[in-house]
Amino acid sequence: MTAPRNDRRIIIHFDYDCFYASVFENENPALKSLPLAVQQKNIIVTCNYEARRRGLSKLQLVSEAKRILPDVVIVLGEELGRFRNASKALYKFIENFTWSGKVERLGFDEVWLDVTDLVDYNQALLNFNDLSHSFFQLRKNDPTEGFPYDATSVAGHTFPHNPQQDSISRSSSAIPTFDPGSGNDLMVRLILGSHLAQYIRRSLEEQKGYTSTVGISTNKTLSKLVGNVNKPKGQTTLLPPYIITQEGPLPDLENPVESNVTLFLDSHDIGKVPGIGFKMSQRIRNHVLSRPAEHDEGLIYGGTKESVTVRDVRNFPGMGPELLEKLLGVPGAERGLGSKAWNLINGRDDTEVQQAKKVPSQISIEDSYIRLDNMPQVLKELRILTTSLVKRMHVDLLEDDDEPDSEGIKRWLAHPKTLRLSTRPRPPQNADGARSRSFNRISRSGPMPNFVFNLKENIDATVEKLVQVALIPMFRRLHPERGGWNLSLMNIGVTNMVEAASEDGKGSGRDISRMFKKQEEVLKEWKVEDKDVPPDPILKSMAEEDKKRFDAKRAEPSAGNEAPFDTLIGSEDMMIPTQNTVDESGMWEDDEEDEENRDMCHRCGAVMPAFAMAAHERFHTLEE
DNA sequence: CTGATTGAG
DNA sequence: GATTCTCAATCAG
1 MTAPRNDRRI IIHFDYDCFY ASVFENENPA LKSLPLAVQQ KNIIVTCNYE ARRRGLSKLQ
61 LVSEAKRILP DVVIVLGEEL GRFRNASKAL YKFIENFTWS GKVERLGFDE VWLDVTDLVD
121 YNQALLNFND LSHSFFQLRK NDPTEGFPYD ATSVAGHTFP HNPQQDSISR SSSAIPTFDP
181 GSGNDLMVRL ILGSHLAQYI RRSLEEQKGY TSTVGISTNK TLSKLVGNVN KPKGQTTLLP
241 PYIITQEGPL PDLENPVESN VTLFLDSHDI GKVPGIGFKM SQRIRNHVLS RPAEHDEGLI
301 YGGTKESVTV RDVRNFPGMG PELLEKLLGV PGAERGLGSK AWNLINGRDD TEVQQAKKVP
361 SQISIEDSYI RLDNMPQVLK ELRILTTSLV KRMHVDLLED DDEPDSEGIK RWLAHPKTLR
421 LSTRPRPPQN ADGARSRSFN RISRSGPMPN FVFNLKENID ATVEKLVQVA LIPMFRRLHP
481 ERGGWNLSLM NIGVTNMVEA ASEDGKGSGR DISRMFKKQE EVLKEWKVED KDVPPDPILK
541 SMAEEDKKRF DAKRAEPSAG NEAPFDTLIG SEDMMIPTQN TVDESGMWED DEEDEENRDM
601 CHRCGAVMPA FAMAAHERFH TLEE
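Position 42, counted from 1, in the first sequence is what the UniProt record's numbering calls 42; the numbers after and before it change by one each time, with no gaps.
As structure tokens, then:
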């Protein structure tokens, strides 16, 4: 029915302490001794521990934070580039320690590392006659690189808590807590994992300037959760036994040995288990409490929060994968959620630590707004967002070409095939008291025009074209009404990455059968310096004359100060003849006599003259 | 494939 | 359940 435990891996989970604040502290060490908070829009997204000690917390209103702690140093953290760069550097640093390449990032500030192979190797190296003077080898076949350690005791904290050990954990003497020769394999492996974790953690602090909180266990869920026991700057190992064992031939009902996994998980609120989020925990809570769980009122005013713990759920009559499946299996939900949740509740998690990926599967940029309700503003914001997005694509999807004699040449690691525009309309407030529902995002997507991959073109020109030929039409599909909308958010993203063949021939996503599909074939070895641009759905859809204008512009020799695209074709109210255009008054321009000659593609929504549709259709046919 | 939902930090 | 600005997985159609 339910799979048995598998505790053969050793997984380390890293969580950098108050990451955003640490990035600023590393940029400017003088900040380290001050209470520091990082602001995005109107909220404090995180703050350092000095600020927390003095009463601040995450996700507080800026006004509230200033009231509580007028001295607080507040820095703006809306620009995420610095965090992304720091996160990548730390991730690369940690990646150096793996042999398997299993290093997975979660957000900017968490990393899982599967060190099973290093632990296996070093376990075999143990000399049982002198365990307290062991040496941890970081590289196979190199006995010199590594560190000495005491294999008779766990490094750092443990769960369950061991007061004796913890009280002197800051001193250098280690307390022998376990004899690895006695046959408890899991214990030995966790000890090795804890020492490796400590070594990496210290390296991270000494060489990179970042402190971290670490958990060591046998899967992702447990390692992540157990790390939280000692933070910041701590590490915690979840000790065996992980399964309930009974001594002797008969179960000793008087003295059952409890699994530390259950002991550890049971006190957690059900919603604290990674993978069981707000919706799932609400549904489980409702069932266990036999009534809708109180939320806002109970939480804020009464302080009578009804907490439903993992233990409450696990011990609830009839609880198991089947009941959970019924509770969680609403239409549209992931199937098999019941077993998944049941496994998580029991600390079973067989999901692998993902291999390091060369390219993200999507990149998106967004901003939120107090009021965004007219086209000129939308246009302005679209340009800003698109500029960031194109720059992000250059940073994240471009790599230096390693071919000889190709100095400074960049090549695309992957081409996103899809461009997406999402908005979040402000909830329509009904005067008649009915609750305004659906705070959700809506989106439209379409083919990514290939001109964005042309690096010879000015970024501003690329951005302007993208806005005009792709984003404005998408915006129109999202909001066909001329007005009346008010957006609280806009997001632009690229998805559907097609990875280019890697140069060393052993690239990650290399799959011959998939690579020879038409689209991939065309994109495969395409490099920036190539003259030919892959077939472009947008440009192809344009009338011939317009295409010539674009081509003429592209072929123009750059004479020092090249005028940007929009100044050549017309600035603010420029016309892209194949698209309906927008003027600064924010009205859709409807050219009456032109209207009947236009057509919209039923597949991608592109608007074009009727005579261009045939060629456009052919493009789509080729795509399939 | 698209568009929505859920979960994560 | 929402605030910020993301990213991944997964579903129905």
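Glycine included, each C-beta is placed from N, C-alpha and C at the ideal position.
VAL111 beta carbon less than 9 Å from that of PHE14
Position 14 of the first sequence, counted from the start, is the residue given in the question as residue 14. Position 111 of the first sequence, counted from the start, is the residue given in the question as residue 111. Yes, the pair counts as a contact, with Cβ atoms nearer than the cut-off.
Could you spell out the range, first to last residue, of the alpha helix (DSSP H) harbouring GLY146?
Along the first sequence, read from residue 1 onward, the residue named residue 146 stands at position 146. That residue, GLY146, is in no alpha helix (DSSP H); its beta strand (DSSP E) goes 142-149.
For ASP150 versus SER134, is the C-beta spacing smaller than 9 Å?
Against the first sequence, residue 150 aligns to sequence position 150. Against the first sequence, residue 134 aligns to sequence position 134. In this structure, SER134 lies closer than 9 Å to ASP150 by Cβ.
In whole angstroms, what separates the C-alpha of LEU69 from that of LEU80?
Here residue 69 is taken as the residue at index 69 of the first sequence, counted from 1. Here residue 80 is taken as the residue at index 80 of the first sequence, counted from 1. The straight-line gap from Cα to Cα measures roughly 25 Å.
For a test of the three-state rule: what should DSSP assign to LYS506, helix, strand or coil?
Indexing the first sequence from 1 puts residue 506 at position 506. The pLDDT assigned to LYS506 is 40, lower than 50, so where the model puts this residue is not dependable; a value taken from the coordinates is nonetheless given after this. If DSSP states are grouped into helix, strand and coil, LYS506 belongs with coil.
Could you tell me whether the stretch 309-317 touches the stretch 259-273, using the rule of 3 or more Cβ pairs below 8 Å?
yes
N-terminal and C-terminal residue of the beta strand (DSSP E) that VAL154 is part of
The count along the first sequence starts at 1 and reaches residue 154 at position 154. Here VAL154 belongs to no beta strand (DSSP E), and DSSP marks it neither H nor E.
So if DSSP puts ASP367 in a beta bridge, which residue, or which two residues, is it bridged to?
Indexing the first sequence from 1 puts residue 367 at position 367. Looking at the DSSP assignment, ASP367 forms a beta bridge with MET490.
Label ILE10 either buried or exposed according to how many other C-beta atoms from any shown protein chain fall within 10 Å of its C-beta, with 16 as the threshold for buried.
Residue numbering aside, residue 10 sits at position 10 when the first sequence is read from its first letter. Burial call: buried.
Taking ASN141 as the reference, give the member of ASN343, LEU118, SER388 with the closest Cα.
As a first step, residue 141 is located in the first sequence; it is residue number 141 there, counting from the start. Checking every option, the nearest Cα to that of ASN141 belongs to LEU118.
Suppose you measure from the CA of ILE345 to the CA of PHE278; what does that come to, to the nearest Å?
To locate residue 345, count along the first sequence from 1; it is residue 345. To locate residue 278, count along the first sequence from 1; it is residue 278. Each residue's Cα considered, the two are about 15 Å apart.
Whose CA, out of TYR369, LEU379, GLU381, lies closest to the CA of ASN42?
Looking up residue 42 in the first sequence gives position 42. Cα-wise, what sits closest to ASN42 is TYR369.
Hey, could you find the ends of the beta strand (DSSP E) PHE136 is sitting in?
For the purposes of this step, residue 136 is taken as the residue at position 136 of the first sequence. Start and end: 134-139.
Reduced DSSP secondary structure (H/G/I, E/B, other) of LEU372:
Reading the first sequence from its first residue, position 372 is the one you call residue 372. LEU372: coil per DSSP, three-state reduction.
Applying the 10 Å Cβ sphere with the 16-neighbour rule, what's the burial state of GLY215?
As a position in the first sequence, residue 215 is number 215, starting the count at 1. GLY215 should be labelled buried.
According to DSSP, simplified to helix, strand and coil, what is THR423?
Position 423 of the first sequence holds residue 423. Correct three-state label for THR423: strand.
Just to confirm before moving on: does the CB-CB distance between VAL72 and ARG54 stay below 9 Å?
The residue given as residue 72 occupies position 72 in the first sequence. The residue given as residue 54 occupies position 54 in the first sequence. A contact, by the Cβ cut-off of 9 Å.
Cβ distance (whole Å) where ARG424 is taken to contact LEU487 below 8 Å
Indexing the first sequence from 1 puts residue 424 at position 424. Indexing the first sequence from 1 puts residue 487 at position 487. At roughly 6 Å, the Cβ-Cβ gap stays under 8 Å, so ARG424 and LEU487 are in contact.
PRO427 beta carbon less than 9 Å from that of GLN362:
In the first sequence, the residue the question calls residue 362 occupies position 362. In the first sequence, the residue the question calls residue 427 occupies position 427. No, these two residues do not count as a Cβ contact at 9 Å.
Can you give me the C-alpha to C-alpha distance between GLU403 and PRO274, rounded to a whole angstrom?
By one-based count along the first sequence, residue 403 stands at place 403. By one-based count along the first sequence, residue 274 stands at place 274. In a straight line, the C-alpha of GLU403 is about 44 Å away from that of PRO274.
Can you give me the C-alpha to C-alpha distance between ALA500 and MET393, rounded to a whole angstrom?
Residue numbering aside, residue 500 sits at position 500 when the first sequence is read from its first letter. Residue numbering aside, residue 393 sits at position 393 when the first sequence is read from its first letter. For ALA500 and MET393, the distance between alpha carbons rounds to 14 Å.
Would you kindly work out how many angstroms separate the C-alpha atoms of VAL469 and SER443, rounded to a whole number?
Here residue 469 corresponds to residue number 469 of the first sequence, with the count starting at 1. Here residue 443 corresponds to residue number 443 of the first sequence, with the count starting at 1. Using only the alpha carbons, I get a separation of about 17 Å.
Presumed contact (8 Å Cβ cut-off) between ILE12 and ALA155, rounded CB distance
For the purposes of this step, residue 12 is taken as the residue at position 12 of the first sequence. For the purposes of this step, residue 155 is taken as the residue at position 155 of the first sequence. The pair is not a contact, with the Cβ atoms about 12 Å apart (cut-off 8 Å).
Looking at the secondary structure, which residues open and close the beta strand (DSSP E) in which ILE244 lies?
For the purposes of this step, residue 244 is identified with residue 244 of the first sequence, where counting begins at 1. Premise fails: ILE244 is in no beta strand (DSSP E) and is neither H nor E.
Who are the near neighbours of GLU545 in its chain, counting only those whose CB is closer than 7 Å to its CB and skipping five residues on each side?
The residue given as residue 545 occupies position 545 in the first sequence. In this prediction, GLU545 scores a pLDDT of 36, lower than 50, which makes its location untrustworthy; the coordinate-derived value is nonetheless stated afterwards. Closer than 7 Å at the Cβ level, and outside the excluded window around GLU545, lies no residue.
Would you mind sorting ILE200 into buried or exposed? The rule is 16 or more other CB atoms within 10 Å of its CB.
Residue mapping note: residue 200 aligns to position 200 of the first sequence, counting from 1. Answer is buried; the Cβ neighbour count reaches 16.
Neighbour-count burial assignment, THR236, 16 or more Cβ in a 10 Å radius:
Here the question's residue 236 lines up with position 236 in the first sequence. Buried, by the Cβ-count rule.
Between which residues of its own chain and residue 630 is the CB-CB distance below 8 Å, once the five residues before and five after are set aside?
A question about residue 630 goes unanswered here, because the residues of the chain that appear run from 1 up to 624.
Beta-carbon proximity of LEU36 to VAL75, cut-off 9 Å:
Mapped onto the first sequence, residue 36 falls at position 36. Mapped onto the first sequence, residue 75 falls at position 75. Yes. Within cutoff.
Rounded straight-line distance, which links the Cα of PHE316 to that of THR495
Position 495 of the first sequence holds residue 495. Position 316 of the first sequence holds residue 316. The alpha-carbon atoms of THR495 and PHE316 are separated by roughly 43 Å.
So, under 8 Å CB-CB, GLU234 and THR213 are touching, yes? Tell me the CB distance rounded to an integer number of Å.
Taking the first sequence and counting its residues from 1, the one referred to as residue 234 is at position 234. Taking the first sequence and counting its residues from 1, the one referred to as residue 213 is at position 213. The sequence given here places Gly at residue 234; Glu does not occur at that position. So it is a contact: roughly 6 Å between Cβ atoms.
To the nearest angstrom, report how far apart HIS479 and TYR242 are at their CA atoms.
Residue mapping note: residue 479 aligns to position 479 of the first sequence, counting from 1. Residue mapping note: residue 242 aligns to position 242 of the first sequence, counting from 1. Near 55 Å, if we compare the C-alpha coordinates of TYR242 and HIS479.
Got a sec, what are the start and stop residues for the beta strand (DSSP E) GLY446 sits in?
Locating residue 446 in the first sequence gives position 446, where the first residue counts as 1. 442-447 is the extent of the beta strand (DSSP E) around GLY446.
Residue span of the beta strand (DSSP E) that contains GLY215, given as start and end
For the purposes of this step, residue 215 is taken as the residue at position 215 of the first sequence. 212-217 is the extent of the beta strand (DSSP E) around GLY215.
Rounding to the nearest angstrom, what Cα-Cα distance links LYS224 and PRO376 in this structure?
Position 224 of the first sequence, counted from the first residue, corresponds to residue 224. Position 376 of the first sequence, counted from the first residue, corresponds to residue 376. Taking the straight line from one Cα to the other gives about 46 Å.
Boundaries of the alpha helix (DSSP H) in which VAL188 is found, first to last residue
If you number the first sequence from 1, residue 188 lands on position 188. Segment 185-203, the alpha helix (DSSP H) holding VAL188.
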